[in-house]
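Just so you know, we're using UniProt numbering here: the sequence shown kicks off at 1 and counts up by one. Working notes, structure below.
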Amino acid sequence: MAKNSAQSVWDAEEDDEKSVSSKRSAGALWKSCCIGFSIAVLLAGLALAVITVLFIQVNPQTTVTTTTSTTSTTTTTTTTTTTTTSTTTTTTTTTTTTTTTTTTDTTTTATTAVVLPAQCSSYTTNTDSTRNIGYTSSSVCDSSTFSSLGVWVRFLSPAGTSIPTVTPGISHCGTDAAGWYNGAYPSTAGSTTTGTVCYHWSISTCDWSNSIQITNCGAFYVFLLINPPVCNLRYCTE
């Protein structure tokens, strides 16, 4: 039984080998046919090409192709208009000539030495601030201050430097009836003027009066004063 089984296996393997060998033979035959067919096609193409060349050489034909080219030329004319504007400038030059005339005036000043009178260097100074026109507190008089012949007096600050030329009013200068000079001062150095001193009382600006002298000493004035007529009268200063 074992022998028969082995024989069967060998028979099967032999059949298989035959089948594989048969298939291989068929594939090789098919491959050979394809190669032969390809070679035949190539040869047929080559033969056709040779025939075509021979045919063209036997029957030559000339083909002339004429190409007509039309060229259009467009001419554009550009006209440029140039406008020229001329500007004329007129310059007017005005020349002004200024003539300067210099006039030289020569002034000759003759200096004359002024001889001042003795009272300009010999006087009594008075600095009593109660004589000033701004003082209104006390009430005294000059009835015994100066002599009847007169004394040359120069007034200095804080009294003032001169006798006022307008009335200061009553109850000023430390008195009841204030004395003021009713006249003009001398204007020339070294000159002396005689004038009147008035005493303001009540409604009268010159209720009493007396004469005095004033000398212009150049830089200051001196006064020749006498005792007033009554009391309470007083010379004012400013």
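We put the beta carbon where it would ideally sit given N, CA and C, even for glycine.
| Check | Outcome |
| --- | --- |
| Residue environment, Thr215, which counts as buried when at least 16 other CB atoms sit within 10 Å | buried |
| Helix, strand or coil at Leu116 according to DSSP, with G and I counted as helix | coil |
| Neighbour-count burial assignment, Cys217, 16 or more Cβ in a 10 Å radius | buried |
| Bounding residues of the beta strand (DSSP E) (the contiguous stretch that carries Gly195) | 192-201 |
| Beta-carbon gap between Ile170 and Val197 smaller than 8 Å | no |
| Nearest neighbour of Ser130, chosen from Gly174, Thr167, Val153, Ser139 [CA to CA] | For clarity, residue 130 is Thr in the given sequence; the question names Ser instead. Nearest option by C-alpha distance: Gly174. |
| Reduced DSSP secondary structure (H/G/I, E/B, other) of Ser137 | coil |
| Through-space distance from Trp201 to Asn227, alpha-carbon basis | 17 Å |
| Selected residue, minimal CA-CA separation from Asn210, among Thr112, Val114, Leu43, Ser148 | Ser148 |
| Residue environment, Leu224, which counts as buried when at least 16 other CB atoms sit within 10 Å | buried |
| Sequence-distant residues of its chain with Cβ nearer than 6 Å to Val222 (five each side left out) | Gln119, Tyr123, Trp152, Arg154, Thr215 |
| One or two residues paired with Ser211 in a DSSP bridge | Thr196 |
| Assigned secondary structure, Val153 (DSSP; H/G/I helix, E/B strand, else coil) | strand |
| Rounded separation between Leu116 and Pro186 - CA only | 13 Å |
| Burial state of Leu46 (16 or more Cβ within 10 Å) | exposed |
| Helix, strand or coil at Ala47 [DSSP, three-state] | helix |
| Pairwise C-alpha distance: Asn232 and Cys141 | 5 Å |
| Cα-Cα separation between Cys236 and His172, rounded to whole angstroms | 8 Å |
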